[in-house]
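2 protein chains.
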Amino acid sequence: MSTTLTVSYSRHGKPQEVAYNEEQTLPAVGEKQVRIEIKLAPINPSDINTLEGTYAQLPELPAVGGREAVGVVVEIGSAVKDLKVGQLVEPPPALGAWRQQVVADADKVLPFPEGLSVEQAAVLSVNPATARLMLTEFVDLKPGDFVIQNAANSGVGRSVIEIAKARGLKTINLVRREELIAELKALGADHVLLDDDTLRHKLKEVTGGAPIKLALNTVGGDSAFRLTFTLAQGGIMVTYGGMSKQPIRLGTGLLIFKDIQLRGFWVTRWYKKASREQVLTLWEELGALARKGAFRLPIEKRYPLTEFKQALEHAQQSSRGGKIVFQPNP
Amino acid sequence: MSTTLTVSYSRHGKPQEVAYNEEQTLPAVGEKQVRIEIKLAPINPSDINTLEGTYAQLPELPAVGGREAVGVVVEIGSAVKDLKVGQLVEPPPALGAWRQQVVADADKVLPFPEGLSVEQAAVLSVNPATARLMLTEFVDLKPGDFVIQNAANSGVGRSVIEIAKARGLKTINLVRREELIAELKALGADHVLLDDDTLRHKLKEVTGGAPIKLALNTVGGDSAFRLTFTLAQGGIMVTYGGMSKQPIRLGTGLLIFKDIQLRGFWVTRWYKKASREQVLTLWEELGALARKGAFRLPIEKRYPLTEFKQALEHAQQSSRGGKIVFQPNP
Numbered sequence: 000m001s002t003t004l005t006v007s008y009s010r011h012g013k014p015q016e017v018a019y020n021e022e023q024t025l026p027a028v029g030e031k032q033v034r035i036e037i038k039l040a041p042i043n044p045s046d047i048n049t050l051e052g053t054y055a056q057l058p059e060l061p062a063v064g065g066r067e068a069v070g071v072v073v074e075i076g077s078a079v080k081d082l083k084v085g086q087l088v089e090p091p092p093a094l095g096a097w098r099q100q101v102v103a104d105a106d107k108v109l110p111f112p113e114g115l116s117v118e119q120a121a122v123l124s125v126n127p128a129t130a131r132l133m134l135t136e137f138v139d140l141k142p143g144d145f146v147i148q149n150a151a152n153s154g155v156g157r158s159v160i161e162i163a164k165a166r167g168l169k170t171i172n173l174v175r176r177e178e179l180i181a182e183l184k185a186l187g188a189d190h191v192l193l194d195d196d197t198l199r200h201k202l203k204e205v206t207g208g209a210p211i212k213l214a215l216n217t218v219g220g221d222s223a224f225r226l227t228f229t230l231a232q233g234g235i236m237v238t239y240g241g242m243s244k245q246p247i248r249l250g251t252g253l254l255i256f257k258d259i260q261l262r263g264f265w266v267t268r269w270y271k272k273a274s275r276e277q278v279l280t281l282w283e284e285l286g287a288l289a290r291k292g293a294f295r296l297p298i299e300k301r302y303p304l305t306e307f308k309q310a311l312e313h314a315q316q317s318s319r320g321g322k323i324v325f326q327p328n329p
Numbered sequence: 000m001s002t003t004l005t006v007s008y009s010r011h012g013k014p015q016e017v018a019y020n021e022e023q024t025l026p027a028v029g030e031k032q033v034r035i036e037i038k039l040a041p042i043n044p045s046d047i048n049t050l051e052g053t054y055a056q057l058p059e060l061p062a063v064g065g066r067e068a069v070g071v072v073v074e075i076g077s078a079v080k081d082l083k084v085g086q087l088v089e090p091p092p093a094l095g096a097w098r099q100q101v102v103a104d105a106d107k108v109l110p111f112p113e114g115l116s117v118e119q120a121a122v123l124s125v126n127p128a129t130a131r132l133m134l135t136e137f138v139d140l141k142p143g144d145f146v147i148q149n150a151a152n153s154g155v156g157r158s159v160i161e162i163a164k165a166r167g168l169k170t171i172n173l174v175r176r177e178e179l180i181a182e183l184k185a186l187g188a189d190h191v192l193l194d195d196d197t198l199r200h201k202l203k204e205v206t207g208g209a210p211i212k213l214a215l216n217t218v219g220g221d222s223a224f225r226l227t228f229t230l231a232q233g234g235i236m237v238t239y240g241g242m243s244k245q246p247i248r249l250g251t252g253l254l255i256f257k258d259i260q261l262r263g264f265w266v267t268r269w270y271k272k273a274s275r276e277q278v279l280t281l282w283e284e285l286g287a288l289a290r291k292g293a294f295r296l297p298i299e300k301r302y303p304l305t306e307f308k309q310a311l312e313h314a315q316q317s318s319r320g321g322k323i324v325f326q327p328n329p
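Sequence lines, in order, name chains A and B. Position 135 of the first sequence, counting from 1, maps to 134 under numbering that gives the first Met the number 0, and the rest follow consecutively. Position 88 of the second sequence, counting from 1, maps to 87 under numbering that gives the first Met the number 0, and the rest follow consecutively.
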């Protein structure tokens, strides 16, 4: 009977204080199961909030930390048909991602598209999926239509720029720092503007008065308030984060007379409702863009599971340039 | 050639200062036209804002004031088939309602349901229509489902109570004054609660934990903020007014994790898009309720057109018990 190293927690609190290493027993592989070796497992803000106990959805304790991971299939049960040894897969998020190995039911394991590196696969299922779904599930956008977003330099924001470009949509990207303008334009952004009170004045220059039907908000507060004014009659603002920790506010008249809608998006809810086929179709589309060079979010630092304290502290620092990840099998 | 007395205005400002009486020429009735004598024309808040120039939609000046009216057909053109002399009708709102008579194209004149008094017809097309459409156009409610609303003693709020009761829906009604509780219960309200911070505590008592899928907001500010917390997963808050003049605000997490939606409703937009048949079907349903005694909004005071200064001043006083109306042909 073999064991596997994990980063686990049995109570909520400061992540680096409640997390601990644990050797867990690895069960034998059943005939409809597979054994997966985890290659990369990011430390996402939602993982931090889960350890803190402040996230919207919390697993029963004790639990293994993390949800998102890329693994490689190393052993398959005799009845498993649609997975093979050596394939890159996403293990079931509910089992916890910060671990060396996992044994899982094959029907809950999702294969990544062919031809992706571990690093490309590792960033596909959350940020690019969020970006793509927000661009398609709320408003029927046609090539040439405008989309506006705040925090355009975030992981989702960068994916929005790349996916919108591939679909022929024009992006208006709001950022807080001048030095991001050139960087996002290089990525394919059509327009990059400062997220302040000059926006209203500059907006007409870039749209020529064309309607903006979709706004993507991950900031809240003043930034979201400004976004609501940019929308055309019947436009929708989709909120997927609240970085400013300020509530969203908007004028009553925009709802009544301009027929603006406020909606929210949470990719976890989409995955819960989606069929296996819908997920694989989405990933195929995103994988094709990744193979052409999209979604290159740099990995800032890789940690072994034994250095979880440093890793979790690092992940909570605010001005990160790229992902902080566990590499459980160096 | 006959003339008709109107209350008109040629510039925006304080309503009682910019309004004036004018004798306008009344054209001969064409073969596809009708001549209507106005029986009652309410002074609505939106009419006041239109004279002030602050409303979302303003007619070209000079204009006749008012939009909503009940008239009686007094003459019909030779080619008019579906209207008859003596019938109660709504003249085209765009022609202005504060006048003794109007000549209008028959296809823009809408007949009220049979068997209604002038007073019943006068209050049908705005408040009860707004209430009924908000209850049906956003969420698919089944008998026994809960609806929550603020300013439940407003014209629309009272209509919501009566229509919801007829449809088997349960209403939770928020008011600011204790003394309204008995009055609204007599009207058919299932629950009447004070619109303050005690709400959250009391809500579970009245719902027994059942989900609230629809909230109706005409206040904004703190009251709307409280309403957003009462909604179940996937619930919708529909805003149709902003009495507090405070923006709406809500927590980001409600949009993302609870999938709450914020929408707006403006009955004028509905009428613009609706077919004549859709309008007449809606009015037939509301007329049936009115004949059974619903929508009895008291008329506080009737003014002749010549007393427009007093009428407009009266209509701007905040604590009105009923409608202030013009009765152009006493």
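All C-beta atoms, glycine included, are put in the ideal place defined by N, C-alpha and C.
Terminal residues of the alpha helix (DSSP H) in which residue i lies
i, result
"A/Arg275", "Arg275 to Arg290"
"A/Ile323", "Run containing A/Ile323: none in the alpha helix (DSSP H); it sits in the beta strand (DSSP E), Lys322 to Phe325."
"B/Pro44", "Pro44 to Glu51"
"A/Ile255", "Thr251 to Ile255"
"A/Pro127", "Asn126 to Thr135"
"A/Val138", "Neither: A/Val138 is in no alpha helix (DSSP H) and is coded neither H nor E."
"B/Leu226", "Gly220 to Thr229"
"A/Leu309", "According to the sequence displayed, residue 309 of chain A carries Gln and not Leu. First-last of the alpha helix (DSSP H) with A/Gln309: Phe307 to Ala314."
"A/Val117", "Val117 to Ala121"
Check whether residue i and residue j have beta carbons under 8 angstroms apart
i, j, result
"A/Leu87", "A/Ala105", "no"
"B/Thr5", "B/Leu25", "no"
"A/Pro91", "A/Ala103", "yes"
"B/Leu261", "B/Met242", "no"
"B/Leu168", "B/Leu132", "no"
"B/Ile259", "B/Leu253", "yes"
"A/Ile323", "A/Ile47", "no"
"A/Gln119", "A/Glu36", "no"
"B/Ala151", "B/Leu183", "yes"
"A/Leu198", "A/Leu179", "no"
"B/Ile255", "A/Thr238", "yes"
"B/Leu288", "B/Ala165", "yes"
"A/Pro329", "A/Pro297", "no"
"B/Leu124", "B/Ala62", "Before going further, note that residue 124 of chain B is Ser rather than Leu in the sequence given. Result no, Cβ atoms of B/Ser124 and B/Ala62 do not sit closer than 8 angstroms."
"A/Glu89", "A/Phe294", "no"
Limits of the unbroken beta strand (DSSP E) element including residue i
i, result
"B/Ile298", "Ile298 to Tyr302"
"B/Glu36", "Gln32 to Pro41"
Residues bridged to residue i (per DSSP)
i, result
"B/Ser7", "B/Tyr19 and B/Val63"
"B/Val237", "B/Leu215 and B/Arg262"
"B/Thr2", "B/Thr24"
"A/Leu109", "A/Glu89"
"A/Phe145", "A/Lys169 and A/Ile211"
"A/Arg268", "Per DSSP, none; premise fails for A/Arg268."
"A/Arg248", "B/Arg248"
Cutoff 6 angstroms; reference residue i; Cβ partners in own chain excluding five residues on either side
i, result
"A/Ile147", "Ile171, Ile211, Ala214 and Thr229"
"A/His190", "Ile171 and Val205"
"A/Val74", "Going by the sequence as given, residue 74 of chain A is Glu instead of Val. Cβ neighbours of A/Glu74 beyond the five flanking positions: Val28 and Arg34."
"B/Leu60", "Ser9"
"B/Ala40", "Gly65, Ala68, Ala96, Trp97 and Phe325"
"A/Ala223", "Asn216 and Ile247"
"A/Val122", "Phe294 and Leu296"
Cut-off 8 angstroms between Cβ atoms - residues of its own chain near residue i, not counting five sequence neighbours on either side
i, result
"A/Ile221", "The residue asked about is misnamed: residue 221 of chain A is Asp in this sequence, not Ile. Excluding sequence neighbours, A/Asp221 sits near Ser243 and Gln245."
"B/Lys31", "Gly76, Ala78, Val79, Asp104, Ala105 and Asp106"
"A/Glu113", "Gly286"
"A/Thr129", "Val155, Ser158, Tyr239, Phe264 and Val266"
Neighbourhood of residue i by C-beta, 7 angstroms cutoff - its chain only, sequence neighbours within 5 removed
i, result
"A/Val278", "Leu109 and Tyr270"
"B/Glu312", "Gln15"
"B/Thr305", "Asn20"
"A/Ser153", "Thr217"
"B/His11", "Val17, Leu50, Glu51 and Gly52"
The ligand GTP heavy atom lying under 7 angstroms from the CB of residue i
i, result
"B/Gly70", "Because no ligand of any kind appears in the structure shown, any question about the ligand GTP cannot be addressed here."
Next item on the list: Give, in chain order, every unbroken run of the alpha helix (DSSP H) that is at least 4 residues long and sits entirely within the region 58-107 of chain B.
Entry: As for any alpha helix (DSSP H) of minimum length 4 sitting wholly inside the region 58-107 of chain B, there is none.
Check: Counting only runs that start and end within the region 148-218 of chain A, where is the alpha helix (DSSP H) found for 4 or more residues in a row?
Finding: Listed in chain order, the complete alpha helix (DSSP H) runs (minimum 4 residues) inside the region 148-218 of chain A are 154-165, 179-186 and 198-206.
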